[in-house]
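Chains as they are written, first to last, in my numbering: chain A, 1 to 114; chain B, 115 to 225.
If you want it as structure tokens, here you go:
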């Protein structure tokens, strides 16, 4: 158990819909990262927050947004969903702002868009 | 383009043998590399890391080798066990931010 909690574990929805994925980082970790994993693209970095502020952006679509709340949990919002958004979405956390050490990953939220 | 890639998508080894998983990178400015392991149904798990000023780093049963001349990274697993069966990812870090991990190499350990 990494200590990172993600909900929901599974989510099935239709194209055009909007969903919210939630992540609780390890106790004491200030940095939260979101990754998307699909069969054809591998593990793709989406966005990072540190202590409530956006720290870095990766390959995140404009239809996607995220935030980190004062209690350090984070939410990833996916809107106008397309079939290609079906993937595993991972949250990871670390103590520091810069990625120079170990990331602790949750078990992921599997999104299926029909 | 700049990317991290894996030479082999799948690797099958016998239990007890040593495993070598390779990774190529294209950006000489990368200063930090990490190997992760992902078991079925779980999130990636940190294995070992290495900084660009090092050629080799050893952990428990694992060794990472970095060859900056040819921009190549490898993960060696000694005495491979069935529990080592997983997908292995390498990632290169530049300026403290993670890039894409790539598709990974699937390691299958057979009895």
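Yeah, the Cβ is synthetic: ideal placement off N, Cα and C, and Gly gets one too. On a predicted model such as this, the values are computed, not experimentally measured, just so you know.
### Task
Classify residue 42/A as helix, strand or coil using the three-state DSSP reduction.
Within the first chain, residue 42/A is the residue found at index 42, counting from 1. Reduced to three states, the DSSP call for residue 42/A is strand.
### Query
Are the region 8-16 of chain A and the region 57-67 of chain A touching, with three or more C-beta to C-beta distances below 8 Å?
no
### Query
residue 34/A to residue 22/A, Cα distance in whole Å?
Stepping through the first chain from its first residue, residue 34/A is reached at position 34. Stepping through the first chain from its first residue, residue 22/A is reached at position 22. Looking at the two C-alpha atoms, the distance is approximately 10 Å.
### Task
Could you tell me which uninterrupted beta strand (DSSP E) segments, each at least 3 residues in length, are contained entirely in the region 164-191 of chain B, listed from first to last along the chain?
170-172, 176-181, 186-191
### Task
Put residue 117/B into one of helix, strand or coil per three-state DSSP.
Counting from 1 along the second chain, the entry for residue 117/B is found at position 3. Its pLDDT being 43, under 50, residue 117/B is placed unreliably in this model, and the value from its coordinates should be taken loosely. Coil, per DSSP.
#### Entry: According to DSSP, residues forming a beta bridge with residue 206/B
Here residue 206/B is taken as the residue at index 92 of the second chain, counted from 1. For residue 206/B, which the question treats as bridged, DSSP gives the partners 147/B.
### Query
When the cut-off is 8 Å and only beta carbons count, does residue 103/A lie next to chain B?
The residue labelled residue 103/A in the question sits at position 103 within the first chain. Yes - at least one Cβ of chain B is within 8 Å of the one on residue 103/A.
### Query
Taking the C-alpha atoms as reference points, what is the distance between residue 146/B and residue 102/A?
What you label residue 146/B is simply residue 32 of the second chain in a count that begins at 1. What you label residue 102/A is simply residue 102 of the first chain in a count that begins at 1. One C-alpha to the other measures close to 12 Å.
### Task
Give the C-beta separation of residue 222/B and residue 199/B to the nearest angstrom, bearing in mind that I take them to be a contact with Cβ-Cβ under 8 Å.
Taking the first residue of the second chain as position 1, residue 222/B is located at position 108. Taking the first residue of the second chain as position 1, residue 199/B is located at position 85. Sure, about 6 Å apart at Cβ, within 8 Å.
#### Entry: Length of the line joining the Cα atoms of residue 226/B and residue 141/B
Since the displayed chain B opens at 115 and closes at 225, residue 226/B lies outside it and no answer follows.
### Task
Compile a chain-ordered list of the residues in the region 23-45 of chain A whose CB is closer than 9 Å to at least one CB of chain B.
33, 35, 37, 39, 40, 41, 42, 43, 44, 45
### Message
Any beta carbon of chain B sitting closer than 8 Å to that of residue 64/A?
### Response
Along the first chain, read from residue 1 onward, the residue named residue 64/A stands at position 64. By this cut-off, residue 64/A is not an interface position.
### Query
When burial is assigned at 16 or more other CB atoms within 10 Å of the CB, is residue 217/B buried or exposed?
Indexing the second chain from 1 puts residue 217/B at position 103. Burial call: buried.
#### Entry: Residues, ordered as in the chain, of the region 156-167 of chain B that lie near chain A by beta-carbon distance below 8 Å
156, 157, 158, 159, 160, 163
### Task
Quick one: using the 10 Å Cβ neighbour count with 16 as the cut-off for buried, is residue 39/A buried or exposed?
Residue numbering aside, residue 39/A sits at position 39 when the first chain is read from its first letter. With fewer than 16 Cβ atoms within 10 Å of its Cβ, residue 39/A is classed as exposed.
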